[in-house]
Amino acid sequence: MATMTGVARGLPERRPPVVPNAVIGTLVLVLTEVMYFCSLISSFNVIKAQLFGNWAPPGDVRLPIAATAFNTALLLASGVTMWLANRAYKVPSKRTLAQLLFGLTITLGACFVGFQGYEWVKLIKYGMTMQSGIFAATFFLIIGSHAAHVAAAVLVMAYLYIRMVRGKLSQGGMQAMQLFWLFVVAVWPVLYRLVYFS
Amino acid sequence: MFSLMSLLLKSMSTSVPAFACAVCGNLGEDPAAGAILAGTGLLSVAPILTIGGGIYYVYRKTKVDRGAASDSDADSSSTESPMPVSE
Chain U
26 MATMTGVARG LPERRPPVVP NAVIGTLVLV LTEVMYFCSL ISSFNVIKAQ
76 LFGNWAPPGD VRLPIAATAF NTALLLASGV TMWLANRAYK VPSKRTLAQL
126 LFGLTITLGA CFVGFQGYEW VKLIKYGMTM QSGIFAATFF LIIGSHAAHV
176 AAAVLVMAYL YIRMVRGKLS QGGMQAMQLF WLFVVAVWPV LYRLVYFS
Chain G
0 MFSLMSLLLK SMSTSVPAFA CAVCGNLGED PAAGAILAGT GLLSVAPILT
50 IGGGIYYVYR KTKVDRGAAS DSDADSSSTE SPMPVSE
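Chains as they are written, first to last, in this note's numbering: chain U, 26 to 223; chain G, 0 to 86.
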């Protein structure tokens, strides 16, 4: 049986929201995340300034700047593919391309987390752990926070990818995911510059 | 009134610089003071910029959507049949 619309029942027609609810919710989440990372950056600067001259990794450990630069390029590339995927998803005839680009984004994000984990294992083997000094503790806290965000986002994207393949992913869901992913991508160069070149 | 004014001027001429907090007083001498001030600035500006950016995004989206809706209304009215529909 066909359901009656609001107009048919004499009610005013319900207008679609200007911004999808998922995007508004993600905007609020991103706001809290901005404050979280800003507080981490501020505390990092204050701790570094207080140590004044004694700010270095423990022992002979050197941070993998070049390898992380490559990793940064991977993450930035994933931001571009995510943006293109969202654009393609708006056009019904380009849904296959959107799936391909979204899958590529997930792969690049997973590679970023994988390389990051590999570098961490090497650093820990060299003796740089959370307990080996204030530099190491702040390094693992800031970079680890970001890595946790990337890992969580990759898992959510994998779930959304399944929904996309099944044709159940809404435009709003895709836009919300793009918003969060672009935030995660945009915050990384700031952290990389701050922590690895300090 | 005159005595009050003279008291005020005298207090201004004899006062020494007073700082609201110890951090501001040490600016330039202690590197941590600069870092704390920079952090305060960052944490003050970040929410304003983020909320402002969100509001601006919604404003732009509303404007674009309204423009698209008015364009489609104009198109549909121009393609309507000139013949009245009989009831």
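Note that beta-carbon positions come from the ideal geometry of N, C-alpha and C, so glycine has one too. It should be emphasised that the depicted structure is a prediction, and the values quoted were computed from it without experimental measurement.
From the beta carbon of residue i, is the nearest beta carbon of chain U less than 8 Å away?
i                     : result
residue 41 of chain G : yes
residue 61 of chain G : yes
residue 34 of chain G : yes
residue 86 of chain G : Unreliable placement is indicated for residue 86 of chain G, whose pLDDT of 39 sits below 50; the coordinate value is still reported in the next sentence. No, residue 86 of chain G lies away from the interface with chain U (no Cβ there is under 8 Å from its Cβ).
residue 13 of chain G : no
Short check: CB of residue i to CB of residue j, under 8 Å?
i                      : j                      : result
residue 60 of chain G  : residue 116 of chain U : no
residue 47 of chain U  : residue 197 of chain U : yes
residue 45 of chain G  : residue 71 of chain U  : no
residue 57 of chain U  : residue 201 of chain U : no
residue 99 of chain U  : residue 137 of chain U : yes
residue 206 of chain U : residue 97 of chain U  : no
residue 160 of chain U : residue 30 of chain G  : no
residue 175 of chain U : residue 142 of chain U : no
What in chain G is Cβ-close to residue i, meaning under 8 Å?
i                     : result
residue 56 of chain U : 46, 49, 50 and 53
residue 52 of chain U : 53 and 56
What residue does the alpha helix (DSSP H) around residue i start on, and which one ends it?
i                      : result
residue 64 of chain U  : 46-76
residue 9 of chain G   : 1-13
residue 184 of chain U : 159-190
residue 210 of chain U : 196-221
residue 104 of chain U : 90-114
residue 232 of chain U : Nothing can be reported for residue 232 of chain U, as the shown portion of chain U is limited to 26 through 223.
residue 143 of chain U : 120-150
Report yes or no: is there a C-beta of chain G within less than 8 Å of the C-beta of residue i?
i                      : result
residue 70 of chain U  : yes
residue 26 of chain U  : With a pLDDT of 45 at residue 26 of chain U, under the threshold of 50, the predicted position of this residue should be treated as unreliable, and no value is reported.
residue 44 of chain U  : yes
residue 207 of chain U : no
Who are the neighbours of residue i on chain U, taking C-beta pairs under 7 Å?
i                     : result
residue 31 of chain G : 71, 74 and 75
Could you tell me which chain U residues have their CB closer than 8 Å to the CB of residue i, listed as they occur along the chain?
i                     : result
residue 37 of chain G : 67 and 70
residue 64 of chain G : 43
Starting from the Cα of residue i, find the closest Cα among the options and give me that residue.
i                     : options              : result
residue 11 of chain U : U/69, U/189 and U/86 : Residue 11 of chain U is absent from the model: chain U starts at 26 and stops at 223.
residue 50 of chain G : U/55, U/79 and U/41  : U/55
How would you list, in chain order, the residues of chain G whose beta-carbon sits under 7 Å from the beta-carbon of residue i?
i                     : result
residue 64 of chain U : 42
Along chain G, which residues have their Cβ under 9 Å away from the Cβ of residue i?
i                      : result
residue 60 of chain U  : 42, 45, 46 and 49
residue 216 of chain U : Here the premise fails: no neighbours, minimum Cβ distance about 14 Å.
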